[in-house]
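Participant:
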Ligand SMILES: Cc1ncc(C[n+]2csc(CCOP(=O)(O)OP(=O)(O)O)c2C)c(N)n1
Ligand code: SF4
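Residue numbers (the numbering used here), protein chains in the order written: chain Y, 1 to 257; chain V, 258 to 624.
#1: Using only the heavy atoms of ligand 2, determine whether one of them is closer than 6 Å to the beta carbon of residue 227(Y).
#2: I'd like to check one pair, residue 516(V) with residue 254(V): are the Cβ atoms closer than 7 Å?
#3: Return the residue from the list 41(Y), 119(Y), 176(Y) that minimises the CA-CA distance to residue 88(Y).
#4: Consider the Cβ of residue 476(V): report whether some Cβ of chain Y lies at a distance smaller than 7 Å.
#5: Quick one: list the residues of chain V neighbouring residue 79(Y), beta-carbon separation under 7 Å, in chain order.
#6: Kindly indicate if chain V contains any beta-carbon less than 7 Å away from that of residue 94(Y).
#7: Which first and last residues belong to the alpha helix (DSSP H) in which residue 339(V) is found?
#8: What's the C-alpha gap between residue 609(V) and residue 593(V)?
#9: For the segment 70 to 81 of chain Y against the segment 127 to 137 of chain Y, are there 3 or more C-beta pairs whose distance is under 8 Å?
#10: Would residue 614(V) be called buried (16 or more neighbouring beta carbons within 10 Å of its own) or exposed?
#11: Judging by CA-CA distance, which residue of 38(Y), 6(Y), 165(Y) is the nearest neighbour of residue 14(Y)?
#12: What does a CB cutoff of less than 8 Å around residue 512(V) pick up in its chain, not counting 5 residues either side in sequence?
#13: What would DSSP say about residue 376(V), mapped onto helix, strand or coil?
#14: Can you name, in chain order, every residue of its own chain whose Cβ lies under 8 Å from the Cβ of residue 112(Y), other than the five neighbours on each side?
#15: Excluding the 5 residues flanking residue 502(V) on each side, which residues of the same chain have their C-beta closer than 7 Å to its C-beta?
#16: Relative to chain V, which residues along the segment 117 to 135 of chain Y have a C-beta separation below 9 Å, given in chain order?
#17: Look at residue 428(V) and residue 446(V) and say whether their C-beta atoms are less than 7 Å apart.
#18: Which one or two residues does DSSP pair with residue 154(Y) in a beta bridge?
#19: Could you tell me the distance, in whole angstroms, from the CA atom of residue 444(V) to the CA atom of residue 292(V)?
#20: Might you give, ordered along the chain, the residues of its own chain that have their beta carbon closer than 6 Å to the beta carbon of residue 409(V), omitting 5 neighbours on each side?
#21: What are the start and end residues of the alpha helix (DSSP H) that includes residue 319(V)?
#22: Could you name the residues of chain Y that residue 309(V) contacts, counting a contact when the two beta carbons are closer than 8 Å?
#23: Please identify the residue among 38(Y), 109(Y), 236(Y), 178(Y) whose C-alpha is closest to the C-alpha of residue 199(Y).
#24: Within this structure, are the beta carbons of residue 170(Y) and residue 146(Y) separated by less than 7 Å?
#25: With a CB to CB cut of under 6 Å and the five nearest residues on each side skipped, what residues in its chain are close to residue 577(V)?
#26: What does residue 115(Y) touch in chain V if you count any residue whose Cβ is under 9 Å from its own?
#27: Is the closest heavy atom of ligand 1 to the C-beta of residue 194(Y) under 6 Å?
#28: Quick one: grab the DSSP three-state call for residue 578(V).
#29: Residues of chain V with CB closer than 7 Å to the CB of residue 54(Y), please, in chain order.
#30: For residue 177(Y) versus residue 253(Y), is the C-beta spacing smaller than 7 Å?
#31: Counting only Cβ pairs nearer than 7 Å, list the residues of chain V close to residue 63(Y).
#32: First and last residue of the alpha helix (DSSP H) that includes residue 559(V)?
#33: Can the beta-carbon of residue 189(Y) be found closer than 7 Å to that of residue 219(Y)?
#34: Within the present structure, is the beta-carbon of residue 36(Y) separated from the nearest heavy atom of ligand 4 by less than 6 Å?
#35: Hey, is residue 429(V) close to ligand 1, as in C-beta under 6 Å from one of its heavy atoms?
#36: Please report the distance separating the alpha-carbon of residue 450(V) from that of residue 433(V).
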């Protein structure tokens, strides 16, 4: 028997996976190997599977994902740097039955927007926050972030983060998990197929639970920034497993009783 | 029967907002305007009209909550006083860039810095010339009475949605705190979500199958496109300059001398006009009601008629720059102001006008 041709394989009955219709045809602007793209896809897959497009309003941050609205086929608003949780609060308070989420990086959420993050969590806003933690400022060219690991080199900590003078990395996810206003808090990654499956489960819960109006749902995705870390995508994933995960351990941090 | 009440300025604008169909207020306490939030909370707006009122953690958060609510097509507002309004400039600039309607109230106090809690008009430049980054304008309304504080809530929302622009009510500690009689009108119902979807086709309310996505963003990395966006904004501001100028003239018909003043200063000048007329001085008052758009044409018309223009401001002289632009050098223009939270007295400002233009006669026109 001759080997099957491409046409033989590309048949509807052979389809095991297809791209969600809620990603626009626009090519992603992310560096190859970056976790942002996978995170976008997972969120949009879940919104599609739950049939929520017409009820979803997303808030994009300032950071590499500032253009998230170019890729996610939903109504979206672009927030000022760090202010997404306040913007989402404004929307959700006026549309309590819509699904409202923010998508933010670590500089956005845990540096300039720390106040907005903590208070939205503490008020128990019924919104969902997706937090992509890559330990660096990707968009502006690899400066130190609040989540940069001790001794990690960045363009503004060229000899490594000296915690004596530059402070310690902020475990904001653990911090907000301690607040009574958060309902579901989980930390995931999207760098392997197995992790993608787990991350999707957490995203599903974080969206599903918003309907209960019991408080803020928060999913951190520890991700790579191969450009900022100055590594190949494969090396950056390895470095992430060896260095980021021990400091930012994966798994659910707060689950409903 | 008419519903007439004795109210503080801050309470009046809060009541005005409720009756204008406001959907959401987000704010942070600061003297001399905390009564706005207090009044709204005490009035149980959620039960009364469904209006949401939330005390935010800062003015930064307040304005971005307003930004979120406005993007979704709702009538939203915030209020603060000078230091808080400084903090809001980021969000105001974002709303300018995304052309979102909202109502903002600044009950101005003396600055710079923490300054004083007493009334001032020193935030004119910030409000009128664009306090945040980028080329933009807001419509700025200057109330001179508690009634106008009430009226400008509805007017402000209507102008905001008519032009998709931010409307700032530029008040001050005196107008905010003083009590006067206010005539209230009937409550206007809030828009339903269905009405919003129909009326504000730009609003991000969730993408339905029958329309394109609505994206609220002020970002365009392509400078050519960004220039087009900016030119469109400018065209809107020019249109507003042509159509939305509001002012009041008092005893200007035969005036030989003119006060120009807004807000509290205009109240002082109104009394000074009476005092002057009693002394036989033909003096009138031009009170700009919109500070942007500024009544340049009316200033120019009166400049051709009078022998001198006396600007009165509770600042070191900010509005006077716009008056001078309107006067185009036709007649002398002088500034007099009190700073640091002090309101000038009517005889004080009349005396200044007399000194500058009648006794000194330095600005007597020769033709
Ligand atoms: C008020 C303000 N300050 C600074 C910036 C510049 N800036 C843009 S993105 C960014 C950091 C983004 O880093 P992060 O949130 O970690 O997202 P990433 O790009 O890594 O995904 C900074 C500092 C800005 N746009 N606005
Ligand atoms: S700079 Fe980093 S975070 Fe940004 S797209 Fe590239 S890899 Fe991703």
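Glycine included, every Cβ here is placed at the ideal spot set by N, Cα and C.
Facilitator: Reading it off the structure:
#1: yes
#2: Outside the displayed span of chain V (258 to 624) sits residue 254(V), for which this structure offers no information.
#3: 119(Y)
#4: yes
#5: 321
#6: yes
#7: 339 to 344
#8: 7 Å
#9: no
#10: buried
#11: 6(Y)
#12: 539, 540, 541, 559, 562, 563
#13: strand
#14: 81, 82
#15: 547, 550, 552
#16: 118, 119, 120, 122, 123
#17: no
#18: 157(Y)
#19: 21 Å
#20: 398, 400, 426
#21: 316 to 328
#22: 93, 94
#23: 38(Y)
#24: yes
#25: 568, 592
#26: 314, 315, 317, 318
#27: no
#28: helix
#29: 463, 464, 465
#30: yes
#31: In chain order: nothing, as chain V lies at least about 12 Å away.
#32: 553 to 560
#33: no
#34: Absence of ligand 4 from the depicted structure is noted, with ligand 1 and ligand 2 being the only ligands included.
#35: no
#36: 33 Å
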